[in-house]
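Remarks on the structure that follows.
Residue numbers (this note's numbering), protein chains in the order written: chain E, 12 to 585; chain L, 158 to 301.
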């Protein structure tokens, strides 16, 4: 039994739930469950009227628990937490039951079974709610300053936007020069603007702002504190150390170009170079193109070099680098502008000039470029013959016909690889994905957030991106940062781990398991025990099953709550 | 042997541990796409699959579930790079625990379910349900 006073609201969702689940039957079934004081159905639980009714019920009946069975918590968890809060109920004593996406919509052909499942799910929600405790968020005053790591196009653009909003920005750049890859290039897609000019404009503007400070030849060497109030130490030119207090950190460290091994696609032979090297050569050339003193008449490009590699390779890059097809096609158009007589052959696997970049592909076709599609498992073979580079390739578009192509220059269209940032990842405790790039919480739902609250990732540090996509992602990181800092404070989620000091015998298993350094050793009642550092704990719970003493729980997912939910889910439905 | 395993004619009851950020959106998407799977599949969301206690798996089977499915974060986990390894170790421990208590370890299954893995989730549920039905039937025959 329980002395809790819980209100349960089961939503029709205007028929989305009630067409497939007998909502009234669910209400009757759970109305006598332990702790249930109010059990109601409602047409739209999220409507203003329903929310007001809940607030009234909570106040009138002195409820200390709230369960809403409606849609996925992804949609309305925060809506109903706010309802609880407005009624004076602790928001963490609210439980949402997913009766739509995980019941009515999945079982439209079996109303009886969907109804029975609904009863089980709501019962589990009530059981969990009965074991909730009031929890408090930790409110931290935020420092209106941002640290941006990386002064490439993503970092500089982010700095200007944050500055526009009145926030102070520190930009640190590992290299002696700012600008990253974009700053090295001439004309770039999508609008033929020169990368060097683009960086010049951004840097010029940043230089005029009082609230932007750029440090070159600098690295982040220490980070303390938590979201809203980080203490960071940067080292300039390997000597001077500067301490800063910032509210958020944006990581925009960019990418590296794929590094070929000797002999890979003929790399190392005279006349075989990478796309970035060719791009820089092309940008600097005036008039006709020449390589090592020889006029260039024929060029070939091999695509997908260092991307979409075969799984059987050692540490293959399985991903598509996204930008390289368009970059190679755009480069070939630039070649055509310099010398129309040059013959160009594009040896590709799949042409991924997506979106409006298809127009560039069409232009290349119309300007005489020849496109040859090679198979995923049959790569072109490259050798040097006389003063030419000789390429053998089977063309899938002409039923596997083998072509021998002789060119003056072979361009290897190399993809992006993650920049080696082990030290930075270690200082920030940033997770790295399987592809080696920094990992976001969710690629679609939370694409620039990391599990380290207040640390955002932008641009190609997160994964291969075009210039435009890098800037877009940096703007997303800016809006996330600014939304946090301009509010002036941040409330930290209390759904984190807790340790029972009576059970804990300090065996150190939990500290070894935690990648965030969120557990420390303290003395309590004459013995050494583990203690959670709330601002560092992410609430993932990886320490929970590793504790030999069963001394750790995660708030909201405690042992007793999960066990009670299991019992409620399996309980006979009458 | 748990009471829940004694009736081979009944649709197997499956408890799914899914994760808030990764597999739960995938399961939501299955529902949102009106992909049908057994109504005897019931989901408890948790933060990360590496935080599931083996004792919860045992408790579920003891209580009457026919099988437990861990819809793991896999390589998409935002918390841990080695989440798959850690969750794998939990599965091993939980299967040993099941065996120790007289349950077939095949009653626990794990697979990575991503945030858009709706079809994969549906397929795993159908296959797991069929496997559990077979297991229930075999155990019932042995018991007779």
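For every residue, glycine included, the Cβ atom is placed at its ideal position computed from N, Cα and C. Predicted, not measured: the structure shown is a model, and the values here were computed from it.
- In the DSSP annotation of this structure, residue 430(E) is not part of any beta strand (DSSP E), being labelled neither H nor E.
- Looking at 82(E), 111(E), 141(E) and 489(E), the one whose alpha-carbon comes closest to that of residue 16(E) is 141(E).
- Beyond the five residues adjoining it in sequence on each side, residue 471(E) comes within less than 7 Å, by CB distance, of 265, 266, 427 and 481 in the same chain, given in chain order.
- Of the residues 84(E), 238(E) and 190(E), the one whose Cα lies closest to the Cα of residue 439(E) is 238(E).
- Contact check for residue 160(E) against residue 190(E) fails: the beta carbons are separated by 7 Å or more.
- Boundaries of the beta strand (DSSP E) around residue 22(E): 17-22.
- Contacts between residue 264(L) and chain E, judged by CB atoms closer than 9 Å, are missing: the closest CB pair is about 14 Å apart.
- Nearest CB-CB separation between residue 442(E) and chain L: below the 7 Å threshold.
- Residues of the segment 250-280 of chain L with a Cβ closer than 7 Å to any Cβ of chain E, in chain order: 272.
- Contacts between residue 556(E) and chain L, judged by CB atoms closer than 7 Å, involve 208, 209, 210, 211 and 247 in chain order.
- Judged by pairs of C-beta atoms under 8 Å, the segment 257-269 of chain L does not touch the segment 532-551 of chain E, as fewer than three such pairs exist.
- For the segment 345-405 of chain E, the continuous alpha helix (DSSP H) assignments of 4+ residues that do not extend past its boundaries occur at 369-377, in sequence order.
- Going by beta carbons, residue 21(E) and residue 39(E) fall outside the 7 Å limit.
- Judged by DSSP secondary structure, residue 221(E) falls outside any beta strand (DSSP E); it is assigned neither H nor E.
- For the pair residue 550(E) and residue 577(E), the CB atoms are not nearer than the 7 Å cut-off.
- The Cβ of residue 286(E) sits no closer than 7 Å to any Cβ of chain L.
- Contact of residue 301(L) with chain E is not assigned, every C-beta pair being separated by 7 Å or more.
- Per the C-alpha coordinates, the member of 255(L), 202(L), 273(L) and 210(L) positioned closest to residue 84(E) is 202(L).
- Residues of the segment 453-470 of chain E whose Cβ lies closer than 9 Å to any Cβ of chain L, in chain order: 453, 454, 455, 456, 457, 460, 461 and 462.
- In chain order, 117 make up the part of chain E whose C-beta sits under 8 Å from the C-beta of residue 192(L).
- Nearest CB-CB separation between residue 185(L) and chain E: below the 7 Å threshold.
- What residue 222(L) touches in chain E, judged by beta-carbon distance under 9 Å, is 577, 580 and 581, going in chain order.
- Residue range 34-41 is occupied by the alpha helix (DSSP H) that includes residue 37(E).
- Per DSSP, residue 579(E) lies in no beta strand (DSSP E); the unbroken alpha helix (DSSP H) holding it starts and ends at 570-581.
- Listed along chain L, no residue sits closer than 8 Å to residue 201(E) by beta-carbon distance, the nearest being about 28 Å off.
- DSSP places residue 255(E) in the strand class (E or B) of the three-state scheme.
- Comparing alpha-carbon positions, the option among 133(E), 249(E), 251(E) and 158(E) lying closest to residue 234(E) turns out to be 158(E).
- The alpha carbon of residue 404(E) has as its nearest neighbour, out of 394(E), 385(E), 398(E) and 397(E), the alpha carbon of 385(E).
- DSSP links residue 149(E) through a beta bridge to 503(E).
- Here the C-alpha atom of residue 215(L) lies approximately 26 Å from the C-alpha atom of residue 185(L).
- Proximity of chain L to residue 132(E) at the Cβ level (cut-off 9 Å) is accounted for by 199 and 200, in chain order.
- Excluding residues up to 5 positions away in sequence, 174, 203, 227 and 247 lie with their Cβ nearer than 7 Å to the Cβ of residue 209(L) in the same chain.
- When the alpha-carbon of residue 571(E) is set against those of 485(E), 329(E), 138(E) and 283(E), the nearest one is in 138(E).
- Using a Cβ-Cβ cut-off of 7 Å, residue 565(E) is close to 204 and 208 of chain L, given in chain order.
- In this structure, residue 510(E) lies away from residue 522(E), with their beta-carbon atoms at least 7 Å apart.
- By the C-beta density criterion, residue 184(E) is buried, having at least 16 other C-beta atoms within 10 angstroms.
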